[in-house]
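The structure appears right after this line, and notes come after that.
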Amino acid sequence: MVQKLDALKESASQTAGPYVHIGLTPNWADIGGVYSEDLGRTMVDPRATGERIVVKGSIFDGSGTPLKDALIEIWQADASGLHNSPLEKRGEADPHFTGWGRQPTDGVSGEYRFETIKPGRVPHKGGRLMAPHITFWIVARGINIGLHTRMYFADEEAANAECPVLARIEHKTRIPTLMARRAEENGSAVYTFDIRLQGEGETIFFDV
Amino acid sequence: MPDEGSFFQRDRSWHPPAFTPQYKTSVLRSPRYPLLSLDNTISEITGPRFGHSRIGPLDNDLIRNYAKAGDPIGQRIVVHGRVLDENARPVAGTLLEFWQANAGGRYRHKKEAYVAALDPNFGGCGRTVTDEEGRYWFRTVKPGAYPWPNGVNDWRPAHIHFSVFGHAFAQRLITQMYFEGDPMIWQCPIVSTITDRSAIEQLVAALDRNATLPMDALAYKFDIVLRGRRSTPFESRPEGN
Ligand SMILES: [Fe+3]
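Top line first, the protein sequences correspond to chains A and B. Using numbering that gives the first Met the number 0, the first residue of the first sequence is number 0, and each one after it goes up by one. Using numbering that gives the first Met the number 0, the first residue of the second sequence is number 0, and each one after it goes up by one.
What follows is the structure in structure tokens.
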């Protein structure tokens, strides 16, 4: 026998289940009057700086069917690459941008949609800049532990080419699964980022 | 020096794997490629923070936060505990959100197919923020067990769903709390996605007579542990690669 280590074990994850919206987006789930607004619905205050963008897409299962009961949270830097977090030690982030959003996938179409701003670049350890990216966290019925991935911007070719995280991906053929495509809709920038949980074109998920 | 270093690697053998055929929905929703290891960057060691100011006075009282004409039916309970990290340090000021079925096992949700009755005075959601010692407290009714479409006759043990933020996005966690003494815990295909018995037992809240509200509510104690961090500052680590 040896001495026991003092460390506790992290509580094990359990699926968010089919009714995650009751807890996390109750107004969207027709449970009105408990909270004034669902948390994470609005990320951008009109005074925020940076380019307004829409990020939308679908999450597909291994049969190619879109998930209509998933919940996505995103976390990102502001336009100058700073996070609206007490743990951001490099400076003060834009107080008019939360950096955090939460949206369900639509119960009929399966599409999700975030109205946010384009993030600036954030340094990797050692100081090299990562390409602009948005962190995604996906939970749903059938997902036993939340899935982390990153959305990158396909039109940021130069930044993507020197991103230290993308550079470490051994299977270069999978990098396009992290890239959102830009289009214009009614004069504003819309990025489409589809996520594939399984099968051809399976999205890269990270153990963070 | 809390809140400085990168996080301890997640013990993936303690958590449920993605692919668990006894829980049928996981089969098509589980990635087949291994997860790609990502050393924590600033994007993962930061995270949103939600202050007490956002929380309404009834948000942690599921007996009152939806009720329109009287209290919900059911065994009144208090759920309390602490949020700690793997270093056994309290996680202060973190948002907890919880949701559950009513006392009859019925969720207030349009996709719910169980015949048990809705309770007009029970919504089923609540939230609170931990204090300086990482403590939290809320009041609700004990949820009922319910059947669900998986096997032809699978039932979930009574449980409350918990969502926890921690201080960094790398700590983000959703889990479920079960109740001491419930034999159905050991018959549930979702519980059994966790293979380590002690990991399951860590999710079972203890009946806590000392925390009861006399003549009001029984109490259960449920501590939650989030990932811990190294004490070495993040910035001083040499660059890898
Ligand atoms: Fe449930």
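Every residue, glycine too, gets a C-beta built ideally from N, C-alpha and C.
Residue i CB to nearest heavy atom of ligand 1 below 7 angstroms
i, result
"residue 34(A)", "no"
"residue 155(B)", "yes"
"residue 100(B)", "yes"
"residue 22(B)", "no"
"residue 122(B)", "no"
"residue 108(B)", "no"
"residue 177(B)", "no"
"residue 210(A)", "Outside the displayed span of chain A (0 to 207) sits residue 210(A), for which this structure offers no information."
"residue 20(A)", "no"
"residue 158(B)", "yes"
Listed by chain order, chain B residues near residue i by CB distance under 7 angstroms
i, result
"residue 87(A)", "45"
"residue 205(A)", "34, 35, 37"
"residue 129(A)", "40"
"residue 138(A)", "173"
"residue 22(A)", "96, 97, 98, 124, 160, 162"
"residue 52(A)", "Those do not exist, as residue 52(A) stays about 18 angstroms from chain B at its closest Cβ, beyond 7 angstroms."
"residue 151(A)", "Residues of chain B passing the Cβ test: none, with the nearest at roughly 12 angstroms."
Neighbouring residues, chain B, relative to residue i (Cβ below 9 angstroms)
i, result
"residue 47(A)", "Here the premise fails: no neighbours, minimum Cβ distance about 15 angstroms."
"residue 74(A)", "42, 43, 45, 46, 47, 168, 171"
"residue 83(A)", "45, 47, 48"
"residue 29(A)", "107, 108, 109"
Beta-carbon neighbours of residue i, restricted to chain A and to distances below 8 angstroms
i, result
"residue 16(B)", "143"
"residue 30(B)", "146, 196, 197, 201, 202, 204"
"residue 201(B)", "8, 10, 11"
"residue 72(B)", "Within chain A, no residue comes near residue 72(B); the closest Cβ sits about 18 angstroms away, beyond 8 angstroms."
"residue 13(B)", "8, 9, 11"
"residue 248(B)", "One cannot answer for residue 248(B) here, as it falls past the ends of chain B, which runs 0 to 240."
Within chain B, partners of residue i - CB distance below 8 angstroms
i, result
"residue 95(A)", "Going along chain B, no residue has its Cβ under 8 angstroms from residue 95(A), so there is no contact; the nearest lies around 15 angstroms."
"residue 164(A)", "37, 40"
"residue 121(A)", "40, 41, 42"
"residue 60(A)", "27, 28"
"residue 90(A)", "Chain B residues near residue 90(A): none, gap ~12 angstroms exceeds 8 angstroms."
Cross-chain neighbours of residue i in chain A, by beta carbon under 7 angstroms
i, result
"residue 174(B)", "10, 11, 12, 13"
"residue 25(B)", "141, 143"
"residue 118(B)", "Within 7 angstroms Cβ-Cβ: nothing; residue 118(B) doesn't reach chain A, min ~13 angstroms."
"residue 287(B)", "Not covered by the structure: residue 287(B). The range shown for chain B is 0 to 240."
"residue 64(B)", "33"
"residue 185(B)", "Under the 7 angstroms cutoff, chain A gives no residues; its nearest Cβ is about 15 angstroms from residue 185(B)."
Amino acids of chain A, ordered along the chain, whose beta-carbon sits closer than 9 angstroms to that of residue i
i, result
"residue 83(B)", "7"
"residue 193(B)", "11, 12, 13, 143"
"residue 224(B)", "7, 8, 9, 10"
CB contact check: residue i to chain D, cutoff 8 angstroms
i, result
"residue 9(B)", "As a matter of chain content, chain D is missing from the structure shown, whose protein chains are A and B."
Hey, which unbroken runs of the beta strand (DSSP E) at 3 residues or more fall wholly within the segment 78-137 of chain A?
99-103, 110-116
Those runs of the beta strand (DSSP E) which lie wholly inside the segment 190-235 of chain B and span at least 3 residues:
203-206, 217-220, 223-225
Only counting runs of 4 or more residues, tell me where the alpha helix (DSSP H) segments fall wholly within the segment 4-50 of chain B, in order along the chain.
41-44
With three or more C-beta pairs closer than 8 angstroms as the rule, is the segment 146-159 of chain B touching the segment 180-188 of chain B?
yes
Which residue spans inside the segment 3-69 of chain A form an unbroken alpha helix (DSSP H) run of at least 4?
19-23
Which runs of the beta strand (DSSP E) spanning at least 3 residues fall entirely within the segment 64-136 of chain B, listed in chain order?
75-84, 94-98, 124-128
At which residue ranges does the segment 159-183 of chain B contain complete beta strand (DSSP E) runs of 3 or more residues, listed in the order of the chain?
172-178
May I ask you to verify whether the segment 172-182 of chain B touches the segment 112-122 of chain A, counting CB pairs closer than 8 angstroms and requiring at least 3?
no
Count Cβ pairs between the segment 6-18 of chain B and the segment 2-10 of chain A that sit closer than 8 angstroms; are there 3 or more?
yes
Across the segment 113-130 of chain B and the segment 66-76 of chain B, are there enough close Cβ pairs to call them in contact, namely three or more that are closer than 8 angstroms?
yes
Three CB pairs or more closer than 8 angstroms across the segment 188-208 of chain B and the segment 29-44 of chain B
no
Alpha helix (DSSP H) segments (min. 4 residues) lying fully within the segment 153-186 of chain A:
156-160, 163-166
Any contact of the segment 164-175 of chain A with the segment 25-37 of chain A, i.e. 3+ C-beta pairs under 8 angstroms?
no
Can you confirm whether the segment 91-106 of chain B touches the segment 129-149 of chain B when touching is taken to mean that 3 or more C-beta pairs between the two stretches lie within less than 8 angstroms?
yes
Evaluate contact between the segment 188-195 of chain A and the segment 45-65 of chain A, counting only Cβ atoms and requiring at least three cross-stretch pairs below 8 angstroms.
yes
Inspect the CB distances between the segment 219-228 of chain B and the segment 161-181 of chain B and report whether three or more fall short of 8 angstroms.
yes
At least three beta-carbon pairs within less than 8 angstroms, the segment 167-181 of chain A to the segment 195-204 of chain A:
yes
Quick test of the definition: if touching needs 3 or more C-beta pairs under 8 angstroms, does the segment 190-205 of chain B touch the segment 183-190 of chain A?
no
Below 8 angstroms, can you find three or more Cβ-Cβ pairs linking the segment 90-98 of chain A to the segment 55-64 of chain B?
no
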